[in-house]
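Just below is one structure, and these are the notes that go with it.
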Amino acid sequence: MSAQGSSSVKVAVRVRPLNARERLEQNRICASVHSEDHEIALGVDRLFTFDHVFDLACNQFSIYDHCVKDLVSGLFDGFNATVLAYGQTGSGKTYTMGTALDTVSNDLTPETGVIPRAIKQLFEEMLLRVEASKDKGLPEPKFNVLVQFVELYNEEIIDLLTQEKNPQGIRIHEDTTGSIALKGVSQVSVAGPLETLNTLRQGALNRTTGSTNMNQVSSRSHAIFTVFLKQERASELNGESETREVEFLNAKFHFVDLAGSERLKRTGAVGDRAKEGIAINCGLLSLGNVISVLGSNRGGHVPYRDSKLTRLLQDSLGGNSQTLMVACISPSDGDLAETLNTLRYANRAKNITNKVSANQDKSSKIISELRQRILELEAKLTDYESGKKQFDVDGVEVNTLQYQENMLLTSERNQLAMRVRTLEAANEALRSRLVTQQMSSYNIPSLPVNGEVNGEANEEEHTKAFQTVIEQLERVRSQLFESEARCDKFEAEVKRLKEQKEMNSIIAKMAFEGDVDTDQSNAMIETLDKAAIAECTRYILDLEGKSLTRNDSIESDDYADEGTVDDDDSSHNDDTLYEARDAMCEDLVDLHAAISHKERLIAELETSKSELINMNKNILKQLQSSHERIEKVQAERDRVLQNFEKAEKGGSESAVAKKIRKEFEQKLNKLRAEQKALQAYENKCKTLERQKQKDLEQITKMKNEVKDLQTQKVKLQQNIVAENKKVQKALNEKRKFEAKAATQNRKYENKIRSLESHGNQLETFTKRTAEIMKQLKRELAKQTVRRGPATPRPNSVKNRVPLAGKSKITGAEMWSNIEKNVTAMINKGVLNLQLVEELDRQVEARKVILNEISQVEDMFAKSRDQNVRDVLIDELTGKKEKLTYIQSQIHQLNSQICDLDTNQVGLHHSIFPNLFKVMSYVQQIMIG
2 MSAQGSSSVK VAVRVRPLNA RERLEQNRIC ASVHSEDHEI ALGVDRLFTF
52 DHVFDLACNQ FSIYDHCVKD LVSGLFDGFN ATVLAYGQTG SGKTYTMGTA
102 LDTVSNDLTP ETGVIPRAIK QLFEEMLLRV EASKDKGLPE PKFNVLVQFV
152 ELYNEEIIDL LTQEKNPQGI RIHEDTTGSI ALKGVSQVSV AGPLETLNTL
202 RQGALNRTTG STNMNQVSSR SHAIFTVFLK QERASELNGE SETREVEFLN
252 AKFHFVDLAG SERLKRTGAV GDRAKEGIAI NCGLLSLGNV ISVLGSNRGG
302 HVPYRDSKLT RLLQDSLGGN SQTLMVACIS PSDGDLAETL NTLRYANRAK
352 NITNKVSANQ DKSSKIISEL RQRILELEAK LTDYESGKKQ FDVDGVEVNT
402 LQYQENMLLT SERNQLAMRV RTLEAANEAL RSRLVTQQMS SYNIPSLPVN
452 GEVNGEANEE EHTKAFQTVI EQLERVRSQL FESEARCDKF EAEVKRLKEQ
502 KEMNSIIAKM AFEGDVDTDQ SNAMIETLDK AAIAECTRYI LDLEGKSLTR
552 NDSIESDDYA DEGTVDDDDS SHNDDTLYEA RDAMCEDLVD LHAAISHKER
602 LIAELETSKS ELINMNKNIL KQLQSSHERI EKVQAERDRV LQNFEKAEKG
652 GSESAVAKKI RKEFEQKLNK LRAEQKALQA YENKCKTLER QKQKDLEQIT
702 KMKNEVKDLQ TQKVKLQQNI VAENKKVQKA LNEKRKFEAK AATQNRKYEN
752 KIRSLESHGN QLETFTKRTA EIMKQLKREL AKQTVRRGPA TPRPNSVKNR
802 VPLAGKSKIT GAEMWSNIEK NVTAMINKGV LNLQLVEELD RQVEARKVIL
852 NEISQVEDMF AKSRDQNVRD VLIDELTGKK EKLTYIQSQI HQLNSQICDL
902 DTNQVGLHHS IFPNLFKVMS YVQQIMIG
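Counting in the working numbering, the sequence shown runs without a single skipped number right up to 929 at its last residue.
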């Protein structure tokens, strides 16, 4: 099943940690991440918002789980996907993508990149879908996975999976669906994750890399690893169809590892490295132009063909693909210019909208749609045939009255069922209350046998037994009432059946003998029909239908007998009467059988009723017997107690009593011995308690002393901290004053240099503009002399009537506005270049001063002369102060570059509308 829609390019920004070289050079972090708001701050107040942002501590799993996992799952529904890694050289693109494989393993490590994780998930989901189909009893889906790996090196496409380097044999073309494909590139079929990773590793070893000043292992080409997934599966059931179609889905996943943008001045590239850098920057420039056009939403031509890179990524940018752009940036303040450019690219890319659709085979898609349409039409036809729907006088499809009545009856039935459940619950509650009240109405004395505890237990058991008996009685009573009601109902039914039997016999006899007239028989038949319809509809519906059919036949025969007919008609009527009589006899037999069945049921119910009554009597007898036994046991207990008391008073004591008395005396002696031992133990405990009390008093005294000492200690510490704060505050104020003065001086110096540079730029631009204006005037004068005086034409500019509601802006004014804006933009661009160059100089100066500090520290560590060490300390202090100054300069330059970038964006928006107006004005002049 295909799906269509639009999907914007998702952008994720990853900030890598500072590397060892940057930490050694004491580079500061200029980029901060706000994960909650999906924002990244550059410098002081330059904010960018993206779909995902990942800070320095983010791991590979988090990036994959948040950004790429769903894209891999979409492959199985026929959706293309692309992951595009973009950023400056050394920003971590190859590490994030995972194209530089050293070893191949089925296990994922924390360092594993996006591509190996996606490959593992792809094959795991294939197995899961096969198992799910087996569990559902469906045909197993068939998968075919192909991979290709190419690089774009110096604008030449190279196949990394073959040893033959033949860029001329590789061509880019569009297939019939408009998708971009490569001809002449090998595609390798893979059957598992290990085989796929081995293929990836083989291609990564063939990729071109090199060393520059910014990255020891720098990718010198753009690499694209593509996974093609072809699957054949059973489609989902649509509507009421029980057959499944086979659908064919194709999808591809581009993993793009772009080479990093670089400045030759910083990389120090020469020769082949310089050519590679130029080719890389040209491809990225074309990519930036495509992103700008697609992200501007102005339409127009998209320059895909300016570069092979943009041509290869045509599906991923603005085409049929779900695209994720991972912008990798460096947090170092020395790379702020490159980081700012990367974030600008990414910010424009998130405005691109792709047209996403599932890649399904057209024939299977059409068949599925037609089958779905057939099912819908069959469902509508069934509704019309069953009377559920019809067309009104206006031709509008509406529900019939029968269907609406059925819906109302269904709703009423549901309400009644709910009411029945409510009444049953209330009935159960009332029954429980009745049982409780009946228990309270009985007064059953308890039986205290073998002491008080046993008496309470027996009382509880008797109470439970009595409650059970009462509940059984209530259930028996309910069943008895129901049985009586059913008996009454069956007796009434038997009575009606007997009456009907007699009536049918009379009618059959009358119809056979012909002793009554037709009106009388018709009246009796109508009486029978009404009685049957009114009384026997629920119980004997089939018999009633047969009886009515036979009676109608008799009635029609009677009407036929009244007229004048020939002998053939009379014989035919006689046959009909015989048939009717036989049918009535059959009906009577059926009625006898039904009556006998009902009588048997009644007898069974009466028997059940008597059994229930007997059971009730037996239960009452058992209760009475239980009461009598309880009273007898109580009387026996009282008699034994009275006899025992009389025996004690009479002085006669039996052998049993003597034995009991002896046992009690032995127990008493034993208890007295135990009591003496316990008294001795109690005295010992009292002695220990007195000693414990003394120890507690001593401990309390010592705790109070410790508490006093702690209080004194805290006060002393507070006094020390207060004094330290005073001293530190004075030192901080002094340092702030000195730093503020130094910063103010630097600002004045920078402002002076900026004004001087700005003045030089204005002077240069003014001279250049004056020369251009002179040249234009000379050319205009030559054309005027060559053409002669112009004759006014009706369609000329002068004779045109200005449009109402529009201001009269001359070309000179518009040109003046453009000239001002262009001048401002040029000045800002030149200033930006100067700031970047100054930033590079300050970064180099920081490297130099760090090397000098390192050398001085080594000399200080090796020296043993105190005088030399004092001199080195002074020198080291001065160099550290200079380093602090350079760091502040770099921070200030970063802020200026960010502010200038914000103003530059607004200037672009103000220039282009006026430029278009001037072009239109010039076109009118040329036409005139």
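Idealized CB from N, CA, C, for every residue including glycine.
*Closest to Phe55 by CA distance: which of Asp258, Gln315, Arg17 is it?*
Cα-wise, what sits closest to Phe55 is Arg17.
*Please classify Phe491: does DSSP put it in a helix, a strand, or coil?*
Of the three classes helix, strand and coil, the one that applies to Phe491 here is helix, per DSSP.
*Would Tyr65 be called buried (16 or more neighbouring beta carbons within 10 Å of its own) or exposed?*
Per the 10 Å Cβ criterion, buried.
*Measure the CB-CB distance between Leu72 and Phe254 and report whether it falls below 9 Å.*
Leu72 places its beta carbon less than 9 Å from that of Phe254.
*Distance, Lys848 Cα to Gln745 Cα*: Pairing Gln745 with Lys848, the inter-Cα distance amounts to about 25 Å.
*Rounded separation between Glu757 and Glu772 - CA only*: Put simply, the backbone Cα of Glu757 is about 23 Å away from that of Glu772.
*Cα-Cα, which of Lys881, Ile898, Lys863, Gln867 is closest to Asp841?*
Nearest C-alpha to Asp841: Ile898.
*asked:* Run through the DSSP bridge pairs and tell me what His302 is partnered with.
replied: In DSSP, His302 forms no bridge with anything.
*Where do the ends of the beta strand (DSSP E) carrying Leu153 lie?*
That run of the beta strand (DSSP E) goes 143–154.
*Backbone secondary structure at Gly6 - three-state DSSP*: In the structure shown, Gly6 falls within a strand segment according to DSSP collapsed to helix, strand and coil.
*With 16 other Cβ atoms within 10 Å as the buried cut-off, status of Tyr154*: Sixteen is the threshold: when 16 or more other Cβ atoms of the shown chains lie within 10 Å of the Cβ of Tyr154, as they do, the residue is buried.
*Could you tell me the distance, in whole angstroms, from the CA atom of Glu233 to the CA atom of Glu175?*
Rounded to the nearest whole angstrom, the C-alpha separation of Glu233 and Glu175 is 24 Å.
*asked:* Quick check on Leu836: buried or exposed, where buried means 16 or more other Cβ atoms within 10 Å of its Cβ?
replied: A residue is called buried when at least 16 other Cβ atoms come within 10 angstroms of its Cβ; Leu836 meets this threshold and is buried.
_I need the straight-line Cα distance from Lys829 to Leu147, nearest angstrom please._
Computed Cα separation, rounded: 51 Å.
*Which stretch, first to last residue, makes up the alpha helix (DSSP H) that contains Lys11?*
From DSSP, Lys11 is part of no alpha helix (DSSP H) but of the beta strand (DSSP E) over 11–16.
*Give the DSSP bridge partners of Val247, in chain order.*
Looking at the DSSP output, Val247 sits in a beta bridge with Ala235.
*Write down the C-beta distance between Leu313 and Ser287 rounded to the nearest angstrom, noting that I regard them as a contact closer than 8 Å.*
Rounded, the Cβ-Cβ distance is 11 Å, inconsistent with contact.
*C-beta contact flag for Thr324 and Ser8 at 9 Å*: Remark: C-beta atoms of Thr324 and Ser8 approach each other more closely than 9 Å.
*Integer-rounded CB distance, given that Phe144 should sit under 8 Å from Leu85*: In this structure Leu85 is not in contact with Phe144, their Cβ atoms being roughly 26 Å apart against a cut-off of 8 Å.
*asked:* Can you tell me whether Thr712 is buried or exposed? The criterion is at least 16 other CB atoms within 10 Å of its CB, across all chains shown.
replied: The Cβ neighbour count for Thr712, taken over all protein chains shown within 10 Å, is under 16; the residue is labelled exposed.
*Starting from Ala359, follow the beta strand (DSSP E) in both directions and report where the run begins and ends.*
No beta strand (DSSP E) holds Ala359; DSSP gives it neither H nor E.
*Please state whether DSSP places Val228 in a helix, a strand or coil.*
Note: Val228 maps to strand in three-state DSSP.
*Taking only the alpha-carbon atoms, compute the straight-line gap between Met419 and Ser433 and give it to the nearest angstrom.*
Approximately 21 Å, taken between the alpha carbons.
*Of the residues Asp900, Leu884, Ser896, which one's Cα is nearest the Cα of Asn28?*
The option with the nearest alpha carbon to Asn28 is Leu884.
_When you compare the CB positions of Ser222 and Arg202, do they come within less than 9 Å of one another, or not?_
Not a contact, by the Cβ cut-off of 9 Å.
*Kindly list the residues whose CB is nearer than 8 Å to the CB of Lys276, restricted to its own chain and excluding five residues on each side of it in sequence; keep chain order.*
Taken in chain order, the residues that qualify are Asn155.
*Flag this pair as touching only if the segment 343–350 and the segment 282–301 have three or more C-beta atom pairs under 8 Å; answer yes or no.*
Contact holds: three or more Cβ-Cβ distances are below 8 Å.
*In chain order, which alpha helix (DSSP H) runs of at least 4 residues are fully inside the segment 284–336?*
Runs found: 309–313.
*asked:* Am I right that Val327 and Tyr305 are in contact with their C-beta atoms under 8 Å? What's the rounded C-beta distance?
replied: Actually they do not touch by this definition, with Cβ atoms about 22 Å apart.
*Pair within 9 Å by beta-carbon distance, Met127 and Phe256*: Taking C-beta atoms as the reference points, Met127 and Phe256 fail to come closer than 9 Å.
*Could you pull the start and end residues of the alpha helix (DSSP H) that Lys166 belongs to?*
Element bounds for Lys166: n/a, residue is neither H nor E.
*Report yes or no: do the segment 190–200 and the segment 111–122 share at least 3 C-beta pairs separated by less than 8 Å?*
With contact defined as three or more Cβ pairs closer than 8 Å, the segment 190–200 and the segment 111–122 are in contact.
*Taking just the CA atoms, how far does Arg372 sit from Lys381?*
Roughly 14 Å between the two C-alpha positions.
*Report the option in Gly88, Thr227, Ser134 whose CA atom is closest to the CA atom of Arg264.*
It is Gly88 whose Cα lies nearest to the Cα of Arg264.
*How many Å lie between Lys708 and Lys716 at the Cα?*
If you take the alpha carbons of Lys708 and Lys716, they lie about 12 Å apart.
*Where DSSP assigns a beta bridge to Arg47, which residues make up the other side?*
Under DSSP, Arg47 shares a beta bridge with Leu43.
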